[in-house]
Every structure is written in C-alpha cells, then in structure tokens.
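Since the structure comes first, as structure tokens, the remarks are kept for the end.
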Amino acid sequence: MSQSAGSYIVTGAAGGVGAAAVRQIADRGGNVMAVDLDHATLARAVDAGSGGGELVLRPADASREDDVRAYVAEAVDRWGGLAGVFNIAGIEGEFAMSGEASTANYDRVMSVNARSVFLNLKYVIPVLVKGGGGAVVSTGSHLAWHGAATLGAYCASKHAVMGLTRAAALEYATSGIRVNCVCPSAVDTAMGARVSAAINPDDVSLGRQVLIDQAPNGRLATPDEVAAAGVWLLLDAPSHINGILVPVDGGQAAA
Ligand SMILES: NC(=O)c1ccc[n+]([C@@H]2O[C@H](COP(=O)([O-])OP(=O)(O)OC[C@H]3O[C@@H](n4cnc5c(N)ncnc54)[C@H](O)[C@@H]3O)[C@@H](O)[C@H]2O)c1
Numbered sequence: 215m216s217q218s219a220g221s222y223i224v225t226g227a228a229g230g231v232g233a234a235a236v237r238q239i240a241d242r243g244g245n246v247m248a249v250d251l252d253h254a255t256l257a258r259a260v261d262a263g264s265g266g267g268e269l270v271l272r273p274a275d276a277s278r279e280d281d282v283r284a285y286v287a288e289a290v291d292r293w294g295g296l297a298g299v300f301n302i303a304g305i306e307g308e309f310a311m312s313g314e315a316s317t318a319n320y321d322r323v324m325s326v327n328a329r330s331v332f333l334n335l336k337y338v339i340p341v342l343v344k345g346g347g348g349a350v351v352s353t354g355s356h357l358a359w360h361g362a363a364t365l366g367a368y369c370a371s372k373h374a375v376m377g378l379t380r381a382a383a384l385e386y387a388t389s390g391i392r393v394n395c396v397c398p399s400a401v402d403t404a405m406g407a408r409v410s411a412a413i414n415p416d417d418v419s420l421g422r423q424v425l426i427d428q429a430p431n432g433r434l435a436t437p438d439e440v441a442a443a444g445v446w447l448l449l450d451a452p453s454h455i456n457g458i459l460v461p462v463d464g465g466q467a468a469a
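Take 215 as the starting number for the sequence shown in this note's numbering and just add one per residue.
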C-alpha cells in the first residue's frame, strides 16, 4: 500500500522525531495537523515541506481529553476525515530508583506517554472507521520490552503503548485500520541529550557514549530514521502488516 496524500495528526510535532515526521508527511503531499504544547515552539520547529499539503500548527496537550477531542474534530471539519495519526508526544520524566520515585512523576509520565496514545486511539479510530480505513502509529521504545534502572515510570508507559497498539490492531483488523508502533533506542534529540546528562551529569559526552555503546552499530538513531520508520508504517507498509513493533535501534533488539 502506498499513499501519496491524505490528512494526518502528528503529536509531539515540535520535538526531534515529531518535526522530522511532519516534514516527511508534508513532503509526500499530506495535510498535517502538528500538535505540541505551545505555538511558539511549533512555529520554530515545524516546516510545511515541499508537497503542497496544508500544515496546521495546533497547540494542545495530547494527554488531555478535551484537547484531543477538539483537535480531532477540527481536523475532520477542515479536511473531511483523516488517514491516520502518528503519536510521538513523550517525556522521560524524572530519574529515580523505584523505592524513591515520586507518585506525581509516575502519573505525569503515564499520562503523557500512554494516556495520550489511548486518547488518540479513542478519538481518531472512529474517524478512520467512518472513512473506510487508515493507520495509527505510536512511538514506543526499546524500553517497551526491556527495563532500565531509574526509569520505571517511563518503562511502564512504553510497555503500555505496546499493549494499546496490539489490542487496537486486533480490534480493527477487519476495518481496514493498521495499528503499529516504532520502538527506537536512544535518538539524537533533546530527549537523548537529557538522558545523556542524567547518565553522567558531570560529563554529558560520557553519558552519550554509554548510549552509543548500547547500539550494535555504534551510534544513536537520527530523528529522521525514526520518523521514516513511522511514516513507512503510516503510508507505505503492506496492508497485511498490523500490530507490529518496529525496532529502530541499530540492532539492539537482536541482542
Ligand atoms: N530520544 C530518545 O532517546 C528516545 C528513545 C526511545 C523513544 N523515544 C520516544 O520518541 C518520542 C519522541 O521523542 P524525541 O526524542 O523527539 O523527544 P523530544 O523531547 O525532542 O520531543 C518530544 C515532544 O513531545 C512534546 N510533548 C510533551 N508532552 C506533550 C503533551 N502532553 N502533548 C503534546 N506534546 C507533548 C514536547 O513538547 C516535545 O516537543 C517520545 O515518545 C519518546 O519517548 C525517544
């Protein structure tokens, strides 16, 4: 299946992976509603690409039900339907041992990383069903199937993304809707830099090297590589590909 156009929502659109995804979809001629927390950051990060589609910058919190309901309704009003959503919004939260972690951090990380995926499935899928099909891609992590010390809430939230993806893939398989997930290891973005700093606050480059050493190919993922895997699942993947988690990790998942 290869689509050149259609209308898509991208959450976390002002981040490293998000901005790359918006540009790649826009370059294919897609209309994109770019969702992130504030307009100024979106305006700085996101560009309309070369494909001639419409780009809408939509400040919203993808973990708040009122916001998700409103931006999905706006996209439908504007474009008459949707071809899919790429859920990318995410935070790493605080780094703390499980015996010392804050409940507020757990709630916040689960809300941004998992509740946002739940809400976007809840409001986008009925639109896709009505339109006769479409695709959902969410962003998991290497930590959707592994643990990492001091990142319990983050690990839990990404395991939850895996569960939400698999359940919805089964539910809508006969409705022409594919629900899949990209699972990066460390990516060269603002989040990757924050994780490097948390690993070694005294020397961020040594923290970054720890992440590089975890990847069999000896480097971080680029935001474009992660976005490209998601855009492939969204626009190009064969229609029989459903409910999968695609590692984008230089081979780390093979270990
Ligand atoms: N960077 C990594 O090393 C890495 C590794 C594995 C998975 N991931 C996942 O990839 C995704 C993208 O991460 P990134 O590296 O581009 O990070 P990033 O920090 O560059 O971008 C994340 C974006 O999400 C936005 N966001 C946060 N909360 C939001 C909310 N409630 N509503 C809307 N937008 C919100 C932020 O404002 C930011 O623009 C995340 O889901 C992250 O968990 C990242």
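Here a beta-carbon is modelled for each residue, glycine too, at the ideal position from N, C-alpha and C.
The structure presented is a predicted model; accordingly, all values stated were derived computationally and were not measured.
Secondary structure note for Met376: its alpha helix (DSSP H) is the uninterrupted segment Gly366 to Glu385. Arg433 sits exposed, since fewer than 16 C-beta atoms from the chains shown fall within 10 Å of its C-beta. Taking the Cα positions, Ala315 is about 44 Å away from Gly345. Short note on Leu251: C-beta closer than 7 Å to some heavy atom of ligand 1. Val460 and Val418 do not touch by the CB rule: their CB atoms are close to 29 Å apart, not below 8 Å.
In the three-state scheme derived from DSSP, where H, G and I count as helix and E and B as strand, Met405 is classed as helix. For Leu459, the enclosing beta strand (DSSP E) stretches over residues Leu459 to Val462. Beyond the five residues adjoining it in sequence on each side, Ile413 comes within less than 6 Å, by CB distance, of Gly421 and Val424 in the same chain, given in chain order.
A residue is called buried once 16 or more other Cβ atoms fall within 10 Å of its Cβ, and Gly232 is buried on that count. A direct Cα-Cα distance of roughly 43 Å separates Ile239 from Gly313. Assigned with DSSP and collapsed to three states, Asn334 falls in helix. If you check the C-beta of Ala235 against ligand 1, you find no heavy atom less than 7 Å away.
According to DSSP, residue pairing for Arg272 in a beta bridge involves Val249. Close CB contacts of Ser277 within its chain, under the 8 Å cut and outside five residues either way in sequence, are with Ala303, Ser325, Val326, Arg329, Ser330 and Leu333 (chain order).
Ala274 counts as buried, since at least 16 other C-beta atoms from the protein chains shown sit within 10 angstroms of its C-beta.
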